[in-house]
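Residue 227 in my numbering sits at position 139 of the sequence shown, with consecutive numbering throughout.
Taking it in order: structure first as structure tokens, then the write-up.
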Amino acid sequence: MDDKPTLRARMRALRDEFAMTIGGVIVPSPALLARFAPGATLSSYVPIGSEADPSAIAFAARERGCTIVLPHVTSRESPVRFFEWHPDQPLIDGPLGLRQPSTDAPEVDPDIVLAPLLAFDAALNRLGQGAGHYDRVFERLPGAWRIGIAWSVQQVAALATDPWDMPLHGVVTEAAAFGEAAA
Ligand SMILES: Nc1nc2c(c(=O)[nH]1)N(C=O)[C@@H](CNc1ccc(C(=O)N[C@@H](CCC(=O)O)C(=O)O)cc1)CN2
Ligand SMILES: Nc1ncnc2c1ncn2[C@@H]1O[C@H](COP(=O)(O)OP(=O)(O)OP(=O)(O)O)[C@@H](O)[C@H]1O
Numbered sequence: 089m090d091d092k093p094t095l096r097a098r099m100r101a102l103r104d105e106f107a108m109t110i111g112g113v114i115v116p117s118p119a120l121l122a123r124f125a126p127g128a129t130l131s132s133y134v135p136i137g138s139e140a141d142p143s144a145i146a147f148a149a150r151e152r153g154c155t156i157v158l159p160h161v162t163s164r165e166s167p168v169r170f171f172e173w174h175p176d177q178p179l180i181d182g183p184l185g186l187r188q189p190s191t192d193a194p195e196v197d198p199d200i201v202l203a204p205l206l207a208f209d210a211a212l213n214r215l216g217q218g219a220g221h222y223d224r225v226f227e228r229l230p231g232a233w234r235i236g237i238a239w240s241v242q243q244v245a246a247l248a249t250d251p252w253d254m255p256l257h258g259v260v261t262e263a264a265a266f267g268e269a270a271a
């Protein structure tokens, strides 16, 4: 089994190739739509590089009355905070190539977290960028519904896990839905 840094490099290359040649749209599965109700807060993200784009899912959540929040970090070391965002509001260039919400907006923790990832496995373990940003979100918000968003080529047989890794509840790709996201 590859260690995490080796796998990250391989999955970044695979994801770049897939997004450039095939790509697709990640649409919300019926199981996701069933959770989108007024009063729920969903965390989306603004894709960087060839990350799978969750915006069709965020759009559906907004249409169904959910509040949309986006993650905000100030560095690799700082924790993620979530700020409300509306489509008419600008995004601000941040560290690590990120485009982020304004921190003047209300800070609201999500009930549903759409998490970007580099790889996921059949047990719904998640490999991220390696800064532990979402790991720390998941520890702080154990009641949140954790849904990975990915291209199908990001699925691997089995990931090496660390004690702090919390598995996802579901994953949605352009081709399929897994775990609690499947219905
Ligand atoms: N779109 C998006 N937003 C996100 C994350 C993410 O992975 N993707 N995060 C997830 O934790 C948090 C930000 N943390 C990050 C931590 C490390 C790197 C990073 O190492 N970036 C690489 C290049 C990334 C790429 O092109 O895939 C770099 O700077 O070399 C990026 C974001 C919150 N917002
Ligand atoms: N719950 C936590 N609290 C504090 N530090 C943590 C926590 N989870 C992970 N970390 C730290 O974050 C670092 C990166 O962890 P890991 O390699 O699992 O990141 P990742 O899950 O791939 O990335 P990310 O969550 O940023 O997308 C580790 O060095 C670890 O010590």
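In this text, a Cβ means the ideal position worked out from N, Cα and C, and glycines have one as well.
{"Check": "Does the Cβ-Cβ distance between residue 244 and residue 207 come in under 8 Å?", "Outcome": "yes"}
{"Check": "If you reduce the DSSP assignment to three classes, tell me which class residue 221 lands in.", "Outcome": "helix"}
{"Check": "If you draw a straight line from the alpha carbon of residue 268 to that of residue 202, how long is it in whole angstroms?", "Outcome": "13 Å"}
{"Check": "Using the Cβ count rule (16 or more neighbours within 10 Å means buried), how would you classify residue 252?", "Outcome": "exposed"}
{"Check": "Quick check: does the Cβ of residue 164 come within less than 7 Å of any heavy atom belonging to ligand 1?", "Outcome": "yes"}
{"Check": "Between residue 257 and chain C, is any beta-carbon pair separated by less than 8 Å?", "Outcome": "Here there is only one protein chain, and chain C is not present."}
{"Check": "Helix, strand or coil for residue 168 per DSSP?", "Outcome": "coil"}
{"Check": "Using beta-carbon positions only, say whether residue 96 and residue 236 come within less than 8 Å of one another.", "Outcome": "no"}
{"Check": "Residues bridged to residue 214 by DSSP?", "Outcome": "208"}
{"Check": "With H, G and I counted as helix, E and B as strand and the rest as coil, what does DSSP make of residue 98?", "Outcome": "helix"}
{"Check": "Skipping 5 residues on each side, what residues in its chain have a beta carbon closer than 6 Å to that of residue 233?", "Outcome": "200 and 257"}
{"Check": "Residue 193 and residue 172 look like a contact to me (Cβ under 8 Å); what is the Cβ gap, rounded to whole Å?", "Outcome": "5 Å"}
{"Check": "I need the straight-line Cα distance from residue 224 to residue 138, nearest angstrom please.", "Outcome": "24 Å"}
{"Check": "Regarding residue 172 and ligand 2, is the C-beta to nearest heavy atom distance less than 7 Å?", "Outcome": "no"}
{"Check": "For residue 209, which option in 270, 246 and 238 has the closest C-alpha, if you only look at C-alpha atoms?", "Outcome": "246"}
{"Check": "Which of the three DSSP states, helix, strand or coil, is assigned to residue 131?", "Outcome": "strand"}
{"Check": "With DSSP as the reference, label residue 243 as helix, strand or coil.", "Outcome": "strand"}
{"Check": "Return the residue from the list 222, 174, 153 and 119 that minimises the CA-CA distance to residue 265.", "Outcome": "119"}
{"Check": "Would you check whether ligand 2 has a heavy atom nearer than 7 Å to the C-beta of residue 236?", "Outcome": "no"}
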